[in-house]
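Sequential numbering of the sequence shown, starting at 0, is according to numbering that gives the first Met the number 0.
Beta carbons: idealized from backbone N, C-alpha and C, even for Gly.
The structure appears below as structure tokens.
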Amino acid sequence: MVAQVARIELFGQWVGALAYDATSRVATFEYAPDWLDSGIEIAPLHMPLAKGKYRFPALPEPTFKGLPAVFADSLPDDFGNAVINAWLASRGQDPSAFSAIDRLLYTGSRGMGALEYSPVINRDSHAPEQLDLESLINMAQRVIDNRARIDAPADGEHGLSDLLHVGTSAGGARAKAVVALNSDRSRIRSGQLNAPAEFEHYLIKFDGVSELHHNSELWGDPLGYGLMEYAYSLMAKDLGINMMPCELLHDGPRAHFLTKRFDRIGNQKVHVLTLCAMEHADYKQPGGFSYEQLLTTARKLRLPRADAEQIFKRMVFNIVARNHDDHTKNTAFMLDANFNWRLAPAYDIAYSYKPGSAWVDQHQMSLNGKRDNFTRADLMSISKLIGNFDKRAHEIIDHTIEVVSQWPTYASNVGVFDNLKHTVNDNLRLKI
Numbered sequence: 000m001v002a003q004v005a006r007i008e009l010f011g012q013w014v015g016a017l018a019y020d021a022t023s024r025v026a027t028f029e030y031a032p033d034w035l036d037s038g039i040e041i042a043p044l045h046m047p048l049a050k051g052k053y054r055f056p057a058l059p060e061p062t063f064k065g066l067p068a069v070f071a072d073s074l075p076d077d078f079g080n081a082v083i084n085a086w087l088a089s090r091g092q093d094p095s096a097f098s099a100i101d102r103l104l105y106t107g108s109r110g111m112g113a114l115e116y117s118p119v120i121n122r123d124s125h126a127p128e129q130l131d132l133e134s135l136i137n138m139a140q141r142v143i144d145n146r147a148r149i150d151a152p153a154d155g156e157h158g159l160s161d162l163l164h165v166g167t168s169a170g171g172a173r174a175k176a177v178v179a180l181n182s183d184r185s186r187i188r189s190g191q192l193n194a195p196a197e198f199e200h201y202l203i204k205f206d207g208v209s210e211l212h213h214n215s216e217l218w219g220d221p222l223g224y225g226l227m228e229y230a231y232s233l234m235a236k237d238l239g240i241n242m243m244p245c246e247l248l249h250d251g252p253r254a255h256f257l258t259k260r261f262d263r264i265g266n267q268k269v270h271v272l273t274l275c276a277m278e279h280a281d282y283k284q285p286g287g288f289s290y291e292q293l294l295t296t297a298r299k300l301r302l303p304r305a306d307a308e309q310i311f312k313r314m315v316f317n318i319v320a321r322n323h324d325d326h327t328k329n330t331a332f333m334l335d336a337n338f339n340w341r342l343a344p345a346y347d348i349a350y351s352y353k354p355g356s357a358w359v360d361q362h363q364m365s366l367n368g369k370r371d372n373f374t375r376a377d378l379m380s381i382s383k384l385i386g387n388f389d390k391r392a393h394e395i396i397d398h399t400i401e402v403v404s405q406w407p408t409y410a411s412n413v414g415v416f417d418n419l420k421h422t423v424n425d426n427l428r429l430k431i
């Protein structure tokens, strides 16, 4: 099942065509004439509106899969690909033969953000209106447990079908799903469909779905991780970091982390691009991009000063609170109603530090040429890029230390397990 050409649409308009060469495994894109006239930039830094063809064979294949980065951003990430591979195995198909453009067409109109791809690959089932949370969690665990084998999870075809519809779009390694929730949280529907009245679009991160057999730091999280992430979101909001509403969905011993989607306003889609795609900054290269470069990106996109201050706040929080998972897919930009670029709300704000880890022993993004052992001078070195900001920068640093030093209280109020609460507290950078 290899599709060679995809039609790209945005806001109901034809953007252009993407042709994938199976031999070179590189795709070529060309804008549609009417889209050129629209003046709407979907990837202004590396694929500005222009006649002619765009092709990026030099982009690292493991991240971009031979696609222009703006479209690679729509591809499923680790967990989503594991679900798709399980579905392919259940149909007797080899996942390795399912190309990058096939995965875009599988995503169709149901991905994160607003880009849509056709002709859509049929999933052989319709998105369920009502979801069973326990069934989704059990199937997510089976998918992760079986991911190293080219076969389908034993039994549970119905659960796989449901997970297929809600668990393949959202990025990242953790098991998650896009859902629609009613106001009292008594009903959960697929987030792939338009949400009916009294429902809103949310992302749910499953608590306690963990990598049992492969000792991998990139898959799943132990029970209680959702509590910690929620406590971190409360600290971030108290520091004025812009985040979407977050909450916990309690389910027996589990506490799933919920966050409202910023790529949906009601049922209207919002075009979103990660820093990874915007700057061709491979998120799989630790230290390959810096906070200084992020502020330069903000200037190139003509973001307002308020967004530059937000970047500084997030950087300081990540450093003080030990969120080392600050890679280029964990910052994003969004196109507003006037087609101007803005910094997207913060997401994936959590404790993420593991000594000796290839991924989170140090920060993913550098600051002042360093990924660890930061001083206040390192934090202040970036102030000049914002301009007339030194006094405000010191205030932000001091306030961040003040709030994060109250971590034990935030953690206790939420119910973070004692062992995790103490681990976090022992590693915070409060003397900076």
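Enumerate in chain order the residues of its own chain whose CB-to-CB distance from residue i is below 8 Å, with the five nearest sequence positions on each side excluded.
i: Y229; result: C245, E246, L247, A254, F256 and V413
i: V402; result: M234, D237 and L238
i: K268; result: F10, G112, A113 and D262
i: G38; result: L48 and F338
i: I240; result: Q309, K312, R313, F316, A345 and I348
i: I431; result: I318, V319, F373, T374, R375, L378, I396 and I400
i: M242; result: S232, A235, K236, T258, P344, A345, Y346 and I348
i: A99; result: Y19, R24, A26, K64, G65, L66, A71 and L74
i: E115; result: I7, E8, L9, G107 and S108
i: L429; result: V319, I400, V403 and S404
i: S411; result: K420
Grab me the residues of residue i's own chain with a C-beta within less than 6 Å of its C-beta, minus the 5 sequence neighbours each way, in chain order.
i: S215; result: Because S215 sits at a pLDDT of 48, beneath the cut-off of 50, its placement in the model cannot be relied upon, and the following sentence gives the value as read from the coordinates. Correct list: empty, nothing qualifies.
i: L226; result: A254, V413, G414 and V415
i: D389; result: S382
i: Q12; result: none
i: F288; result: A280, T327 and M364
i: P56; result: V25
i: D325; result: N317, H362, Q363 and M364
i: A331; result: V271, T273 and A343
i: N367; result: D377 and S380
Using DSSP bridges, identify the partner residues of residue i.
i: Q267; result: I264
i: Y201; result: V178 and K259
i: D237; result: Partner(s): none; D237 has no beta bridge.
i: I136; result: In the DSSP output, where bridge partners are listed per residue, I136 has none listed.
i: H249; result: A254
i: S98; result: DSSP lists no partner for S98.
i: Y53; result: F28
i: T273; result: A331
i: S289; result: S365
Taking the beta strand (DSSP E) that residue i falls in, what are its first and last residues?
i: E29; result: V25 to Y30
i: R321; result: No beta strand (DSSP E) contains R321, which DSSP labels as neither H nor E.
i: R188; result: I187 to S189
i: L342; result: W340 to L342
i: S117; result: E115 to S117
Just verifying my parser: in three-state terms, what is the DSSP assignment at residue i?
i: D335; result: coil
i: Y19; result: strand
i: S108; result: coil
i: Y229; result: helix
i: W457; result: Residue 457 lies beyond the residue range present for the chain, which begins at 0 and ends at 431; the question has no answer from this structure.
i: T330; result: coil
i: K369; result: strand
i: D154; result: The predicted position of D154 is uncertain, since its pLDDT is 47 and thus under 50; no value can be drawn from it.
i: K161; result: For clarity, residue 161 is Asp in the given sequence; the question names Lys instead. Reduced to three states, the DSSP call for D161 is helix.
i: E278; result: helix
i: I310; result: helix
i: Q12; result: strand
i: A71; result: helix
i: M242; result: strand
i: S380; result: coil
i: A345; result: strand
i: A305; result: helix
i: D131; result: coil
Give the range of the alpha helix (DSSP H) segment to which residue i is assigned.
i: V4; result: Where V4 is concerned, there is no enclosing alpha helix (DSSP H), although the beta strand (DSSP E) it sits in stretches over V4 to L9.
i: K353; result: Looking at the DSSP string, K353 is not in any alpha helix (DSSP H), and its letter there is neither H nor E.
i: K390; result: D389 to V403
i: T374; result: That residue, T374, is in no alpha helix (DSSP H); it is neither H nor E in DSSP.
i: I83; result: D77 to S89
i: H45; result: It is not in any alpha helix (DSSP H) - H45 carries neither H nor E in the DSSP assignment.
i: K420; result: D417 to N426
i: P407; result: W406 to V413
i: P61; result: E60 to F63
Cutting at 7 Å between CB atoms, please list the residues of its own chain near residue i, excluding the five before and the five after it.
i: N418; result: none
i: Y282; result: T62, C275, H326, T327 and K328
i: E199; result: A179, L180 and K259
i: L384; result: E291 and L294
i: H323; result: S351, Y352, V359, Q361, H362 and Q363
i: E197; result: N181 and S182
Is residue i close to the ligand FAD? I mean its beta-carbon at under 7 Å from any heavy atom of the ligand.
i: L180; result: The ligand content of the structure shown is nil, which means the ligand FAD is not present either.
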